Amino acid sequence: MDPLRDNDLVVSGIGAVLPPAEAADESWFDHRVELGRRSYKYLPRSGQYVLAAAKRALADAGTTMATVPEERRAVAIGCNNATARIQDEFDRTVLEHGADLLSPASAAYFSVNLVAGRVAMEHAARGFSLALHSPTVAGLEAMQCGLRAVARGRADVLLAGATEEPLPPAEPAARRSADGSVALYFERAGAVADRGGRWYGRCTVRGCYLSPELTGGTARAGRIIAASIPGPAEPLPVRLVAEASPVADAVADCLAALGYDPVLRLPTRAGCLDAVRAVADALRTGTGPCLVVGCAAEGNVTLTRIDAGGAERGRAVPVSAEAAS
Amino acid sequence: MVDVVITGLGAASRLGIGVDALSRGMAEVRYAPPEPIADPGARVPVPLFYRLPDEQLPPGPDEALGLPVGRANLLALDSARQATRSARLVPDPDTRVSVLIGSSVADVHVVERWRTDGYPQRSRWVPVFSAASAIAADLGADGGAVSLSNACSGSGYALAIGADMIAAGETDVVVAGGMETYSRVALACFNRLGALDPNGIRPFDRHRAGSILAEGAGCLVLESAEHAHRRGAPVLARLLGSGWSCDGHHATAPDPTGTQIARAMRAALDDAGATPDDIDFLVPHGTGTERNDATESVAMATVFGDRLAKIPLYSLKALIGHTGGASAALAVAAAVLFCQQGWLPPNVPVAEPDPDCPVLLPADRTPLPGRTGMVNAYAFGGNNMSLIVAGGE
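Chains B and G supply the protein sequences, listed in that same order. Residue 3 is where the first sequence starts when you use this note's numbering, and the numbers rise one by one after that. Residue 65 is where the second sequence starts when you use this note's numbering, and the numbers rise one by one after that.
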């Protein structure tokens, strides 16, 4: 990649709210501890998670959005199942008792974009707020759409990421649905350097669609993937975050044929959290350029090039793995 | 700057399937009162909804990509097919086509039906927002398939993001739009928020008391003027610019100062290289809620000054209801038709205009002095979008 320029957007903060491996119930997260006792109890857990993840990302960056004019602040959040449970609760209330028993303070959260909108309210982000929902890749798409809009001049800083909470128990795949949130804070490299800050690295995101009917290794699939590689075409290690599917197989085959090695396949749960988590992990380990690819069985493919760990500019110092852990 | 043009349109609303149905319905002011939704589970004070008659639904698959196809996906799929047909877009491995579809709740009614009729015996996850994927598969599009919400401004954002993708050289052609259908949860929550009018939708009326939700879908084909010219595509209109902002104020209520929605309008004008004096007509968001219409009027007055009283508005939701995530795409489709025909259709008459909303809503067919219009779209979460559309000449 090119050397960093002042206007390049870099990830200066990472915040994650994820259940510990041994979590047996929902007690691992308490919004009152994370956010305070204000009106957060009316939010779905996914909304509480992402507020907490954003707060951690900004703390990790050592700054706040208040240093930037409100109209230059932006938010882009991906989610697939973030309001499925609250919609389920609402619907059962309506079916059994009627709409009058819905909580007016919670009712707005039937609208899934409010998960992102609530982050915008919290940080007075008036540049724009985006809510993305493509299967599995929505969190990466949130980064892509947010970064594109910032590059277009629609804002200067961006909180982007993903948030999910488990599907209602009766729904298909509920037991393997994602839970938690990861947020990344993007600032211009020059601004980070000016305040003596540090960054993890850069993310460059591209997307494509690979029909499940295209079999792996076909010439067309190879052309589509090759045309969608972000940044220069060079052999890099790949983390492919995908459920087992013909599309995932095709993506893995195409990347291997293009010289990307190794292609490490990582499982994903229902939702779009795991792909963003893989981006955060790659940024934190800072072992050099790599590609994180999110892939849905429905054909959505989003490729993120991570340039981490090597950049140093001005007073800024890359974050070490130890410092970030 | 890349000149982004609109080369295809597709529409579905209570006026029928297709752009011709939309055009005729507007020209003939085919108003109809909303009817109670046929859902015994919808225990709500205001059960009104505008829904397409079942017999008008386009034929379509029950499943796509192994997922159930609900009414929203079906209408979006059909609208995308209409749009690509009118754009004379044919699959070409050398043309990168991207799909972006906005919606508020997508096909969540499929899950709502499971709750009353029983859950399916399947282990595979059913992501509710999958319309863009299904459309991309149907069209043979490989430049990405993005499903987004941004609630009732969703398809406005789909169009704006799509135009940015073309300008950035990421894709050649964009099929962008939105869709919405009946959802028991959405209807119930709008009821609980006091956002529905038991007397029907009456934007800018002094006695308006809320919106009426509606089914619909709209899709447009965008590409650069150069790309359209190269493939001999019909240029219907130009998408000159977009303005984005977020109130960051309240979950459902607009910031009453209208500061951010005025900023979105100005940003769209700047993006288009235009001034307020260049705007010949407006298609407002105009939902019929007391706060939306008042706030939008304040913001329009801020941007257009005294001239606001002379710019004709076309209040589309008064005729077809509030189609949520589809509403911006349908409004832009209508604006394209206005640019082509050079006149605004008669508005549904406003019984008693609100003096706090000093806007011009002609009840007669109104010739346009020029061919440049602004379309506004707002949403829960304070997501604001303004788009500038101009004639294709």
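Ideal Cβ positions, reconstructed from N, Cα and C, are used throughout, including at glycine. Everything numeric in this text was worked out from a predicted model, so none of it was measured.
List the DSSP bridge partners of A75 of chain G.
-> G:G282
Is it true that the CB of A164 of chain B sits closer than 8 angstroms to the CB of A140 of chain B?
-> yes
Rounded to a whole number of angstroms, what is the C-alpha to C-alpha distance between A310 of chain B and V114 of chain B?
-> 32 angstroms
Using beta-carbon positions only, say whether R156 of chain B and W308 of chain G come within less than 8 angstroms of one another.
-> yes
Can you tell me the Cα-Cα spacing of A222 of chain G and T339 of chain G, whole angstroms?
-> 24 angstroms
Test item: CB-CB of N9 of chain B and G273 of chain B under 8 angstroms = no
Please classify M449 of chain G: does DSSP put it in a helix, a strand, or coil?
-> strand
Can you name the residues of chain G whose CB is closer than 8 angstroms to the CB of V96 of chain B?
-> G105, A106, R107, V108, R248, V249, A252
Apart from the five residues just before and just after E244 of chain G, which ones in its own chain have a Cβ nearer than 7 angstroms to its Cβ?
-> A136, S167, S168, E279, G280, T387, G388, G389, A390
Measure how close the beta-carbons of A196 of chain G and S136 of chain B come, nearest whole angstrom, since I'm counting them as under 8 angstroms.
-> 6 angstroms
Taking the alpha helix (DSSP H) that M90 of chain G falls in, what are its first and last residues?
-> 83-91
Out of curiosity, what's the CA-to-CA distance linking E28 of chain B and V19 of chain B?
-> 12 angstroms
With distances taken Cα to Cα, identify the nearest neighbour of S256 of chain G among B:L103, B:A153, B:I227.
-> Just to set this straight, residue 256 of chain G is Arg in the shown sequence, not Ser. It is B:L103 whose Cα lies nearest to the Cα of R256 of chain G.
Kindly indicate if chain B contains any beta-carbon less than 8 angstroms away from that of R327 of chain G.
-> yes
What are the residues that DSSP puts in a beta bridge with W407 of chain G?
-> G:P431
Euclidean distance between Cα positions of D90 of chain B and P170 of chain B | 7 angstroms
Pick out whichever of B:P174, B:V243, B:G100 has its Cα sitting closest to the Cα of Q185 of chain G.
-> B:P174
Give me the Cα-Cα distance between R330 of chain G and L138 of chain G, rounded to the nearest whole angstrom.
-> 36 angstroms
Candidates B:R128, B:C256, B:L142: closest to P318 of chain G by CA position | B:R128
Those residues which DSSP pairs with Y114 of chain G across a bridge = G:A278
Between the C-alpha atoms of G224 of chain B and C256 of chain B, what's the straight-line distance to the nearest angstrom?
-> 5 angstroms
If you run the structure through DSSP and keep just helix, strand and coil, what is G129 of chain B?
-> coil
Rounded to a whole number of angstroms, what is the C-alpha to C-alpha distance between H125 of chain B and C310 of chain G?
-> 11 angstroms
Note down the Cα distance separating W201 of chain B from M145 of chain B, rounded to an integer number of angstroms.
-> 16 angstroms
Measure the Cβ-Cβ separation of L212 of chain G and A133 of chain B and say whether it is below 8 angstroms.
-> yes
Please check the pair V249 of chain B and C297 of chain B, which I expect to be a contact at CB under 8 angstroms, by giving their CB distance rounded to whole angstroms.
-> 6 angstroms
Closer than 8 angstroms to chain B by CB, I452 of chain G | no
Runs of alpha helix (DSSP H) wholly within the stretch 315-369 of chain G (minimum 4 residues, chain order) = 323-336, 354-368
Neighbour flag for A281 of chain G against chain B, beta carbons, 8 angstroms | no
Minimum Cβ-Cβ distance from A315 of chain G to chain B less than 8 angstroms = yes
V240 of chain B and L275 of chain B look like a contact to me (Cβ under 8 angstroms); what is the Cβ gap, rounded to whole Å?
-> At roughly 19 angstroms, the Cβ-Cβ gap does not stay under 8 angstroms, so V240 of chain B and L275 of chain B are not in contact.
Using DSSP bridges, identify the partner residues of P171 of chain B.
-> Bridge partners of P171 of chain B: none, in fact.
For the stretch 412-422 of chain G and the stretch 102-117 of chain G, state whether three or more C-beta atom pairs, one from each stretch, are separated by less than 8 angstroms.
-> no
For P137 of chain B: DSSP bridge partner residues = Paired residue(s): none; P137 of chain B is not in a bridge.
Excluding the five sequence neighbours on either side, which residues of its own chain have a C-beta within less than 7 angstroms of the C-beta of L153 of chain G, listed in chain order?
-> G72, V237, V285
D255 of chain B - containing alpha helix (DSSP H), residue span | 248-259
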